[in-house]
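Take a look at the structure:
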């Protein structure tokens with residue numbers, strides 16, 4: 001359908017959703033480079049469709065959000081493929097888009113959740129790229145963004161996972177910055193959040209941080 005009617009917004013959005021859903025599955029399947037590369041290929045196909053639709057509909061904030069989220073996912077693939085510089089660039093572009101969307105609609109909790117989550121992902125990429133202070137700053141922004149959300153915005157388990165993850169990411173950044181006491185305290189704050197999620201959901205998938213991951217981080221930190 002998209003091949004016949006490339007400007008069909010509904011068909012293009014549905015096809016891009018299929019590509020990004022496949023990418024998400026591949027990233028959760030295992031931690032192999034092969035899966036990460038396949039996920040990257042799928043996300044890039046989805047992004048190409050989304051970017052074309054967004055360019056033709058520049059006032060459509062939903063499309064702009066999809067572009068940002070997909071760029072964020074591409075950044076995560078690139079980081080897993082040991083390309084931190086490229087990952088930083090994708091996360092920064094994604095964050096730029098989300099910052100613009102939040103500025104236009106600061107009451108949107110969806111935009112604010114994505115903004116905070118992308119800041120956390122950027123922290124990981126900056127840390128891998130050697131920008132430790134940038135990583136700390138980005139992770140602090142992520143934690144602050146999640147903590148500023150209204151309580152009703154934290155009902156979904158995915159949002160609570162991302163909130164917990166932001167604290168773990170801050171702990172990693174602080175530990176890399178040799179701020180050990182602050183890192184330990186941040187990991188300890190994250191642990192009960194992950195334990196509650198694990199009790200509710202069980203294993204959250206390959207590549208996701210688990211409560212055991214945080215316990216190991218606390219041991220290393222101490």
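Numbering (the working numbering), first residue to last: 1 to 222.
Yeah, the Cβ is synthetic: ideal placement off N, Cα and C, and Gly gets one too.
Backbone secondary structure at residue 102 - three-state DSSP: helix
Completely contained alpha helix (DSSP H) runs for the segment 77–142, where each covers 4 or more residues: 84–104, 109–129
Run of the alpha helix (DSSP H) containing residue 54, from where it starts to where it stops: 33–56
Reduced DSSP category for residue 2 - H, G, I as helix; E, B as strand; rest coil: Under the three-state reduction of DSSP, residue 2 is assigned to coil, being neither helix nor strand.
Separation of residue 46 from residue 17, as counted between CA atoms: 7 Å
Test item: CB-CB of residue 187 and residue 143 under 7 Å: no
Outcome for residue 82 when other beta-carbon atoms lying within 10 angstroms are tallied against a minimum of 16: The residue in question, residue 82, is exposed, as its Cβ has fewer than 16 Cβ neighbours within 10 Å.
7 Å Cβ shell around residue 92 - same chain, five flanking residues per side excluded: 122
Other residues of its chain near residue 153: CB distance less than 8 Å, five sequence neighbours each side excluded: Taken in chain order, the residues that qualify are 109, 112, 113, 159.
Distance between residue 162 and residue 99 (C-alpha atoms, nearest Å): 18 Å
Residue 153 - containing alpha helix (DSSP H), residue span: Neither: residue 153 is in no alpha helix (DSSP H) and is coded neither H nor E.
Close beta carbons around residue 172, own chain, < 7 Å, minus the five adjacent residues each side: 127
Contact under 7 Å by Cβ, residue 170 with residue 209: no
The alpha helix (DSSP H) enclosing residue 185, as first and last residue numbers: 180–201
Three-way DSSP call (helix, strand, coil) for residue 18 in this model: helix
Beta-carbon spacing of residue 115, residue 145 below 7 Å: Yes, the Cβ-Cβ distance between residue 115 and residue 145 is below 7 Å.
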